[in-house]
DNA sequence: TATGAATGAGGATTCATTCAT
DNA sequence: AATGAATGAATCCTCATTCAT
């Protein structure tokens, strides 16, 4: 994760990964089918964790606005967990090869599993928004999918901003994000 | 641009690029120092265009809310220009090598120029927001840089959504974006 | 061919092949899909040549015994052509990977083409033998396929013997083979 | 033996060998210096067995033709022993690395021992033929080494034929070989 | 003695880049 | 100016071998 985050998938070598783990090149292939498998495994882990955490948090939560805030808080927590680097953030952005280019069946399945987890998160958010709209708690002039994308994008770039190098005009902290993002959600509340 | 967008920087070969341009592999290097140079040139072109278009649109525009809407409209126009594919979108996400890894001085300069253009856009947006806040037109409970990141992120993911494959829960069109995004901006107006 | 013959397929590296050809490693892959493709191409070339030469020689040949002698003479000519090394001989013995292990469709087709050419030679020999048996010129107490295998094996090992290192009890020359092999064929004539 | 026969030396892994033996990878190296050592050990075993069996059979055999038949019968027995696969046959064909490439003295010695056993078989056959020629039982128009190679090659390919896949024009059985091969020997009897 | 996790040398392959034509 | 054949650096992956347990 560290290596991919620091160098990007393509500039990271298997040797780099092994070295970071304090192991030898060959050992990486003892645990992963290929370099791509390492990436896919990480991605799958990320999305699964997101969904698991959300499931726990949302159990029993009735208020759609609170639920929405909780979901995006999960996202922030996970992205910020590693502390000093935007590990997940950079990994999530990596362009993956087309599904049909994947040689092994196992890898194809992994990529499908990732897509499934991503869809699950999407579905979670959309359900909350639609429920909120039906309860008259969330404004209905915005499509649920549009709102979901806006919130997701805003959330992402806010976090990325935390790790941007100086000189890019970012002066806020993790705390600022929390408050402002909740204000954003409230802007769509009724 | 098409090739990078379709395959991603690393999966695109110089041969692909040349073929798309109806030229031969060697010719690419007659006009570009390297493959990376092609990408950097494209990126620089993108950001320069963004800033140029903004400069034109904003000349004489007094209303900060209208100005903000115009700036993000520019972004959308450019990203959507190619019509049937998210060319710029994918290109913009490509992980670039670290500045210090770049061998040639020319490439380093180009990357710096890109950063300059990106900062210029950031400055443009921030100026509008701060002016709006001073004029009492934009709410001051949100930092200007936080608002800028939120708007930028929302804008990006909305557009990416347009190109996502079916099954990802995207049902909106380019028109939906326009209205919803302006509503988002208005949510921060006073 | 020289490299495969000298080192064997697996002990020969692509670099060796390139060096022998006075070219660079990468150039091998400009003309061949893979190292295996080099081998398959050579094998296909060999079997095609065998069949072509036979077709020419046998046109108009009525005598089955003369025809048989001609076919095996072709085999000898080709194996001995390179002069100072048993190029084809060693290449022909190389164990090939199973058809289904082959990654590319092109390689699979090449291997099938080789099998086709081999079958064609087998068919050529068998036809001659059967015709000879029907004409009462070749003894019928031996199955045509048995005789074909015996003649083929004898032919092969005779030639291999020519290239065996001293100390293996080989004292004959290429001329001795010709006479003795024809005597072998005559042993089955009526 | 089974593994080498099924996959070929280079496509067989030590893990395969261990698995077939119901042991673990590491155990192979407890009994053999290296993978090549396994192969050489098998080869040496084969040739030693051949010579031992021949020594027993030939003790007291006066008739050179009967002796020749016995020697090649031994060869057939051994090659066909495994029953359903051409184990020895494929192993015998494996291209070995050049003697001087062998790292360990032990391996070099083993390879020399194999060569010694091969020479011993050659000598056995040649002695029989020469004795037969001196006794006027075997025709003298063929050199003893030429006859030995012809018989050996014929014998080999006949047996290989038994294991060839269908579609290669092989229709005979192990019994057909016996009779036909003896007829071949008789063809050189006086 | 048996194991199997860890190792790293070895080699095939890719593809950006060069340069003679 | 355009080409594309040739190059070789870069790197993934395999698997024989080692060795601590």
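Residue numbers (the numbering used here), protein chains in the order written: chain Y, 1 to 190; chain B, 1001 to 1190; chain C, 2001 to 2190; chain R, 3001 to 3190. Note that beta-carbon positions come from the ideal geometry of N, C-alpha and C, so glycine has one too. A quick note: this is a predicted structure, and the numbers were derived from the prediction, not measured.
Notebook entry, point to check: Distance, Cα to Cα, residue 145 of chain Y vs residue 72 of chain Y?
Noted result: Mapped onto the first chain, residue 145 of chain Y falls at position 145. Mapped onto the first chain, residue 72 of chain Y falls at position 72. Residue 145 of chain Y and residue 72 of chain Y have their C-alpha atoms spaced approximately 15 angstroms apart.
Next item on the list: State the beta-bridge partners of residue 189 of chain Y as determined by DSSP.
Entry: In the first chain, the residue the question calls residue 189 of chain Y occupies position 189. According to DSSP, residue 189 of chain Y bridges with Y/138.
Next item on the list: Please state whether DSSP places residue 3010 of chain R in a helix, a strand or coil.
Entry: For the purposes of this step, residue 3010 of chain R is taken as the residue at position 10 of the fourth chain. If DSSP states are grouped into helix, strand and coil, residue 3010 of chain R belongs with coil.
Next item on the list: Only counting runs of 4 or more residues, tell me where the alpha helix (DSSP H) segments fall wholly within the stretch 3010-3034 of chain R, in order along the chain.
Entry: Complete alpha helix (DSSP H) runs here, min 4: 3014-3020, 3025-3031.
Next item on the list: Return the residues of the stretch 3068-3094 of chain R that lie within a Cβ-Cβ distance of less than 8 angstroms from chain C, sorted by chain order.
Entry: 3090, 3093, 3094
Notebook entry, point to check: Whose C-alpha, out of C/2163, C/2110, C/2181, is nearest the C-alpha of residue 3154 of chain R?
Noted result: Sequence index remark: in the fourth chain, residue 3154 of chain R carries index 154 (1-based). Ranking C/2163, C/2110, C/2181 by Cα distance to residue 3154 of chain R puts C/2181 first.
Note to self: If I follow the unbroken alpha helix (DSSP H) through residue 3152 of chain R, where does it start and stop?
What the structure shows: By 1-based counting over the fourth chain, the position of residue 3152 of chain R is 152. Run containing residue 3152 of chain R: 3144-3163, per the alpha helix (DSSP H) assignment.
Next item on the list: Report the residues of the stretch 2172-2185 of chain C with a CB closer than 9 angstroms to any CB of chain R, ordered along the chain.
Entry: 2172, 2176, 2177, 2179, 2180, 2181, 2183, 2184
Notebook entry, point to check: Relative to the C-alpha of residue 111 of chain Y, which residue among Y/7, Y/41, Y/150, Y/170 is closest?
Noted result: On the first chain, position 111 is the one that residue 111 of chain Y refers to. When each option's Cα is compared against that of residue 111 of chain Y, the closest is Y/41.
Check: For residue 3011 of chain R, which residues in chain C fall below 7 angstroms Cβ to Cβ?
Finding: Numbered from its first residue, the fourth chain carries residue 3011 of chain R at position 11. Chain C residues near residue 3011 of chain R: 2097.
Note to self: Quick check on the DSSP output: what are the complete beta strand (DSSP E) runs of length 3 or more inside the stretch 2052-2084 of chain C, in order along the chain?
What the structure shows: none
Next item on the list: May I ask you to report which of helix, strand or coil DSSP gives residue 1996 of chain C?
Entry: This structure does not reach residue 1996 of chain C, given that chain C is present from 2001 up to 2190, and the question cannot be answered.
Next item on the list: Could you tell me which chain B residues have their CB closer than 9 angstroms to the CB of residue 123 of chain Y, listed as they occur along the chain?
Entry: Within the first chain, the letter at position 123 stands for residue 123 of chain Y. 1169, listed in chain order.
Next item on the list: Quick one: grab the DSSP three-state call for residue 2171 of chain C.
Entry: On the third chain, position 171 is the one that residue 2171 of chain C refers to. Coil, per DSSP.
Next item on the list: Consult DSSP for residue 3045 of chain R and reduce its assignment to one of helix, strand or coil.
Entry: Taking the first residue of the fourth chain as 1, we reach residue 3045 of chain R at position 45. In the structure shown, residue 3045 of chain R sits in a helix (DSSP, three-state: H, G or I).
Check: Just to confirm, are residue 3009 of chain R and residue 3044 of chain R a CB contact at a threshold of 9 angstroms?
Finding: Residue 3009 of chain R sits at position 9 when you count from the first residue of the fourth chain. Residue 3044 of chain R sits at position 44 when you count from the first residue of the fourth chain. Result no, Cβ atoms of residue 3009 of chain R and residue 3044 of chain R do not sit closer than 9 angstroms.
Checklist line | CB contact flag (residue 162 of chain Y, residue 172 of chain Y, <9 angstroms) | finding: As a working note, residue 162 of chain Y is residue 162 in the first chain. As a working note, residue 172 of chain Y is residue 172 in the first chain. In this structure, residue 172 of chain Y lies closer than 9 angstroms to residue 162 of chain Y by Cβ.
Check: How would you call residue 117 of chain Y, buried or exposed, if buried means at least 16 neighbouring beta carbons within 10 angstroms?
Finding: Numbered from its first residue, the first chain carries residue 117 of chain Y at position 117. Buried, because 16 or more other Cβ atoms sit within 10 Å of the Cβ of residue 117 of chain Y.
Item checked: Partners in chain B for residue 155 of chain Y, counting only beta-carbon separations shorter than 8 angstroms -> Counting from one through the first chain, the residue named residue 155 of chain Y turns up at place 155. Within chain B, the residues near residue 155 of chain Y are 1153.
Check: Going along chain Y in order, which residues have a C-beta closer than 7 angstroms to the C-beta of residue 1149 of chain B?
Finding: Translated into positions along the second chain, residue 1149 of chain B becomes position 149. Simply 157, 158, 161.
Next item on the list: Would you tell me roughly how many angstroms separate the C-alpha atoms of residue 1007 of chain B and residue 97 of chain Y, rounded to the nearest one?
Entry: In the second chain, counting from the first residue as 1, residue 1007 of chain B sits at position 7. In the first chain, counting from the first residue as 1, residue 97 of chain Y sits at position 97. If you take the alpha carbons of residue 1007 of chain B and residue 97 of chain Y, they lie about 8 angstroms apart.
Next item on the list: Could you check the C-alpha separation between residue 1174 of chain B and residue 100 of chain Y for me, to the nearest Å?
Entry: What you label residue 1174 of chain B is simply residue 174 of the second chain in a count that begins at 1. What you label residue 100 of chain Y is simply residue 100 of the first chain in a count that begins at 1. Straight-line Cα distance between these residues: approximately 29 angstroms.
Notebook entry, point to check: In three-state terms, what does DSSP make of residue 2111 of chain C?
Noted result: As a first step, residue 2111 of chain C is located in the third chain; it is residue number 111 there, counting from the start. Looking at residue 2111 of chain C - three-state DSSP - the assignment turns out to be helix.
Note to self: Let's test the definition: count the other Cβ atoms within 10 Å of the Cβ of residue 3013 of chain R and tell me whether it reaches 16, buried, or not, exposed.
What the structure shows: Counting from one through the fourth chain, the residue named residue 3013 of chain R turns up at place 13. Result: exposed.
Item checked: Residues of its chain near residue 2018 of chain C, where Cβ-Cβ distance is below 7 angstroms and the 5 sequence neighbours each way are ignored -> Position 18 of the third chain, counted from the start, is the residue given in the question as residue 2018 of chain C. Excluding positions up to five away in sequence, the list reads 2024, 2025, 2027, 2028.
Check: Taking just the CA atoms, how far does residue 1151 of chain B sit from residue 156 of chain Y?
Finding: As a position in the first chain, residue 156 of chain Y is number 156, starting the count at 1. As a position in the second chain, residue 1151 of chain B is number 151, starting the count at 1. Computed Cα separation, rounded: 11 angstroms.
Notebook entry, point to check: What did DSSP end up calling residue 3040 of chain R once you bin it into helix, strand or coil?
Noted result: Here residue 3040 of chain R is taken as the residue at index 40 of the fourth chain, counted from 1. Looking at residue 3040 of chain R - three-state DSSP - the assignment turns out to be helix.
Next item on the list: Given a cut-off of 9 angstroms, decide if residue 3075 of chain R and residue 3114 of chain R are closer than it, judged by their beta-carbon atoms.
Entry: By 1-based counting over the fourth chain, the position of residue 3114 of chain R is 114. By 1-based counting over the fourth chain, the position of residue 3075 of chain R is 75. The answer is no: Cβ separation not under 9 angstroms.
Notebook entry, point to check: What did DSSP end up calling residue 3086 of chain R once you bin it into helix, strand or coil?
Noted result: To locate residue 3086 of chain R, count along the fourth chain from 1; it is residue 86. Residue 3086 of chain R: coil per DSSP, three-state reduction.
Margin query: Quick check on DSSP: helix, strand or coil for residue 2184 of chain C?
Written below: Locating residue 2184 of chain C in the third chain gives position 184, where the first residue counts as 1. Three-state result, residue 2184 of chain C: helix.
Margin query: When you compare the CB positions of residue 2138 of chain C and residue 2058 of chain C, do they come within less than 9 angstroms of one another, or not?
Written below: Walking along the third chain from the start, residue 2138 of chain C turns up at place 138. Walking along the third chain from the start, residue 2058 of chain C turns up at place 58. Going by C-beta atoms, residue 2138 of chain C is not nearer than 9 angstroms to residue 2058 of chain C.
Check: In whole angstroms, what is the alpha-carbon distance linking residue 3124 of chain R and residue 2127 of chain C?
Finding: The residue labelled residue 3124 of chain R in the question sits at position 124 within the fourth chain. The residue labelled residue 2127 of chain C in the question sits at position 127 within the third chain. Going by the C-alpha atoms only, they are around 37 angstroms apart.
Next item on the list: In angstroms with no decimal places, state the Cα-to-Cα distance between residue 2984 of chain R and residue 3033 of chain R.
Entry: The question about residue 2984 of chain R has no answer, for chain R in this structure spans 3001 to 3190.
Next item on the list: Give the residues from the stretch 1131-1144 of chain B that approach chain Y closer than 8 angstroms (Cβ to any Cβ), ordered along the chain.
Entry: 1141, 1142, 1143
Item checked: Contact set between residue 2055 of chain C and chain R, taken where Cβ atoms lie within less than 7 angstroms -> Looking up residue 2055 of chain C in the third chain gives position 55. None at all; the shortest Cβ gap to chain R is about 18 angstroms.
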